[in-house]
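Working notes for the structure below.
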Amino acid sequence: YGLSARGLAIDTGLPKAEEFPIFREFWIVKPAKDATALTIYALLDSASATGAYRFELRPGYQLTVDVQSRLFFRKTVDRLGLAPLTSMFFHGENTDRFMDDFRPEVHDSDGLLMARSNGEWLWRPVNNPRQLRISVFREENPAGFGLMKRDRNPDHYQDFAANYHLRPSAWVEARGGWGPGAVYLIEIPSDAEKYDNLVAFWVPDQAVKEGTELAFDYRLHFLLDESIAPQNGRVVATRVSAASAGSEHPRRHFAVDFAGEALSRLSAQAHLSADVGSSSGQIGNVLVEKNDALGVWRVSFDLDREEDKDPVELRAVLKAGTDVLSETWIYQWSAR
118 YGLSARGLAI DTGLPKAEEF PIFREFWIVK PAKDATALTI YALLDSASAT
168 GAYRFELRPG YQLTVDVQSR LFFRKTVDRL GLAPLTSMFF HGENTDRFMD
218 DFRPEVHDSD GLLMARSNGE WLWRPVNNPR QLRISVFREE NPAGFGLMKR
268 DRNPDHYQDF AANYHLRPSA WVEARGGWGP GAVYLIEIPS DAEKYDNLVA
318 FWVPDQAVKE GTELAFDYRL HFLLDESIAP QNGRVVATRV SAASAGSEHP
368 RRHFAVDFAG EALSRLSAQA HLSADVGSSS GQIGNVLVEK NDALGVWRVS
418 FDLDREEDKD PVELRAVLKA GTDVLSETWI YQWSAR
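Position 1 of the sequence shown, counting from 1, maps to 118 under the numbering used here, and the rest follow consecutively.
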């Protein structure tokens with residue numbers, strides 16, 4: 118169980134019916150006795166598109182799948198999603214509304230990870246929103262993106278049947294240069310863990326019309342760690358609450374924990390700072406401190422939001438002087 122990878126996403130998140138292309142046929146190449154990979158060919162089909170796929174699977178602790186796709190379009194497609202990933206997030210430590218559940222967290226994935234072409238890494242915690250959310254991250258020739266399972270502490274789930282702490286992550290490694298476009302993250306309101314309510318995919322800028330032909334290649338990584346990413350300065354928890362307990366003031370409090378081997382070696386007296394920004398409202402009470410008990414550095418701050426500016430986009434990064442010590446935390450908070 119856990120997240121899944123699909124062939125294509127067509128018109129996902131638009132105010133019309135989504136189209137689900139299916140794989141109609143598969144051809145499996147019989148492997149040699151000493152083979153380390155399995156090759157599969159597949160035919161994808163839908164009302165708007167058809168495609169030829171080649172998969173090369175390499176099993177192991179980290180399973181990889183090399184994907185080659187050649188796509189042919191029968192109709193105009195308003196939003197083409199390439200290398201789509203589908204997952205579930207019911208609630209977690211960043212959920213700021215009451216969930217009547219004895220389990221502290223219930224999810225298959227807890228964040229979107231993205232590697233930009235300039236070397237910056239973005240971490241966007243996901244949520245179960247009150248209304249549909251669509252986030253767009255523009256990029257040219259991205260290195261990759263994925264829906265990740267970062268929190269693997271079984272005590273945080275208390276579910277020994279579902280074993281949510283063992284759900285895999287999936288990383289899409291772009292190959293061949295994808296050009297300009299955007300990673301889309303769609304978060305869908307859900308009232309039960311049985312529903313997949315997260316979708317992430319790449320949308321190229323190129324218009325897709327009747328007769329368009331496209332070729333996209335990538336490598337899928339299914340893994341239980343994050344060996345594909347830098348080992349330092351990762352966000353390990355995001356917590357949100359009212360700035361004052363029981364207060365109805367629109368001020369919100371955020372606590373973002375960063376961890377990593379190099380960070381853990383720094384003493385609590387190290388002079389670290391945080392660059393924190395928001396698309397609207399005022400940021401205040403920024404504090405950076407080490408929690409030796411948890412082995413993390415916490416960046417906390419308050420947001421005085423503007424009532425008519427919703428949602429709010431937030432960013433934070435941990436620094437020592439001008440040196441960046443972490444990935445960039447990005448978050449969307451909404452009162453609705």
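Backbone N, C-alpha and C define an ideal beta-carbon position, used for all residues, glycine too.
Can you give me the Cβ contacts of residue i inside the same chain, cut-off strictly under 7 angstroms, excluding the 5 residues immediately before and after it?
| i | result |
| --- | --- |
| residue 195 | 128 and 131 |
| residue 390 | 405 and 436 |
| residue 123 | 201 and 203 |
| residue 169 | 160 and 187 |
Just how far apart, CA to CA, sit residue i and residue j?
| i | j | result |
| --- | --- | --- |
| residue 61 | residue 320 | No statement about residue 61 is possible, as the shown extent of the chain runs from 118 to 453 and does not include it. |
| residue 310 | residue 302 | 19 angstroms |
| residue 137 | residue 445 | 33 angstroms |
| residue 395 | residue 414 | 21 angstroms |
| residue 442 | residue 237 | 11 angstroms |
| residue 376 | residue 153 | 35 angstroms |
| residue 219 | residue 212 | 14 angstroms |
| residue 449 | residue 252 | 9 angstroms |
| residue 353 | residue 381 | 13 angstroms |
Helix, strand or coil: how does DSSP classify residue i here?
| i | result |
| --- | --- |
| residue 378 | helix |
| residue 282 | helix |
| residue 271 | helix |
| residue 389 | coil |
| residue 235 | coil |
| residue 225 | coil |
| residue 123 | coil |
| residue 146 | coil |
| residue 419 | strand |
Confirm, please, whether the CB-CB distance from residue j to residue i is below 8 angstroms.
| i | j | result |
| --- | --- | --- |
| residue 418 | residue 434 | no |
| residue 198 | residue 126 | yes |
| residue 288 | residue 338 | yes |
| residue 265 | residue 228 | yes |
| residue 423 | residue 451 | no |
Counting only the same chain and skipping the five closest in sequence on each side, list residues whose C-beta sits under 8 angstroms from that of residue i.
| i | result |
| --- | --- |
| residue 249 | 130, 303, 304, 305 and 306 |
Would you grab the beta carbon distance between residue i and residue j for me? Rounded to a whole angstrom, and I think it's under 8 angstroms.
| i | j | result |
| --- | --- | --- |
| residue 355 | residue 428 | With 8 angstroms as the limit, residue 355 and residue 428 do not qualify as a contact, their Cβ atoms being about 15 angstroms apart. |
| residue 285 | residue 119 | 5 angstroms |
| residue 379 | residue 407 | So it is not a contact: roughly 13 angstroms between Cβ atoms. |
With a CB to CB cut of under 6 angstroms and the five nearest residues on each side skipped, what residues in its chain are close to residue i?
| i | result |
| --- | --- |
| residue 144 | 158 |
| residue 182 | 172, 174 and 337 |
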